[in-house]
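In the numbering used here, the protein residues as written are 7 to 329.
The beta carbon of each residue, even a glycine, is placed where N, CA and C say it ideally should be.
Being a predicted model, the structure only gives us computed values, none of them experimental.
Okay, so here's the structure we're looking at.
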């Protein structure tokens, strides 16, 4: 290869690399630049690299419905019944009910119940009942035969196994979430005046959550929410103190052997030391992570955690991030 060709090749390579790298650079203000009342550092304003939800993340997200859905259409059995009770991609299932059309696509849903009666935060059950009924989205099926009393459908895509009794409703394709370039995350931004919500529950009834987890919140279209919006999730130290596990850390010894007058946190008359008193309510609210809205109903929304600085908990607060 001639020197001229090598030079041209290197130039093209550097040009391609520049276009590849530039979108990955945060379009926010640089470290050290002043923010009103704060100074940006890597610790207080970390770079938020937002995970983009996949088509499967959206299709398998589930939702909370204000009113229970009809149960007239449901999965009755499958080709290998009774030897098989769970069905997945590529298998045939039989659908009970009427109104099925050849070639039409349907979503298989499951009306959920929590097998664990305990609450993950005080008032969770009451708040969830007021918001609606949770549903899991299990699979997408296509009708391949309507010559019998039960319609026959092929499972084209499955998130989780389908079982008899799962519900059927017409399929509606969800819009994809656009890529979001990296930005800075203001860890201690003062809370705005918008309506605050709560993470009511998580997919599969998980509790400690990280990036990629699906959550359900009690904010919806009635609160101005729409798919593609971002929610900031945050937690107060007072909330940590109410947690059955985290509260134990507040009771642990914090003194240093060489410290003459150790501080005490909201002490009682019996536990107060001679040192300074720290009031937990005075500690700043800290940002925990970011959630992108995948689906939004009137009073609830399904979201995916796309960035987390620490474990996100069911019961954490959320608020619309208007950046």
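Same chain only: Cβ atoms within 7 Å of residue i, ignoring 5 sequence neighbours per side
i	result
residue 308	67, 68, 69, 220, 222, 300 and 301
residue 161	93, 94, 95, 96, 97, 99, 145, 147 and 168
residue 272	285 and 286
residue 292	193, 194, 240 and 241
residue 224	133, 137, 203, 204, 206, 305 and 306
residue 150	158, 159 and 160
Test item: CB-CB of residue i and residue j under 8 Å
i	j	result
residue 164	residue 144	yes
residue 100	residue 82	yes
residue 270	residue 277	yes
residue 310	residue 198	no
residue 134	residue 206	yes
residue 138	residue 306	yes
residue 312	residue 57	yes
Selected residue, minimal CA-CA separation from residue i, among the options
i	options	result
residue 295	271, 214 and 272	214
residue 72	318, 304 and 321	304
residue 90	159, 133, 126 and 170	170
residue 157	183, 79, 135 and 121	79
residue 59	77, 235, 280 and 283	235
residue 290	233, 204 and 196	196
residue 322	250, 241 and 281	241
residue 217	297, 249 and 103	297
residue 108	50, 243, 61 and 153	153
residue 122	210, 251 and 262	210
residue 62	119, 166 and 274	166
Sequence-distant residues of the same chain with beta carbon closer than 6 Å to residue i, five excluded per side
i	result
residue 64	180 and 300
residue 191	52 and 54
Residues near residue i in its chain [Cβ-Cβ closer than 8 Å; skip 5 each side]
i	result
residue 115	75, 141, 142, 143, 144, 172, 173, 174 and 175
Rounded C-alpha distance that separates residue i from residue j
i	j	result
residue 285	residue 177	52 Å
residue 328	residue 227	15 Å
residue 246	residue 253	6 Å
residue 202	residue 268	36 Å
residue 159	residue 183	29 Å
residue 250	residue 111	46 Å
residue 155	residue 212	39 Å
residue 266	residue 259	14 Å
residue 243	residue 314	17 Å
Residue i Cβ short of 7 Å to the ligand SAM heavy atom set
i	result
residue 222	With respect to the ligand SAM, the structure offers nothing, as it holds no ligand at all.
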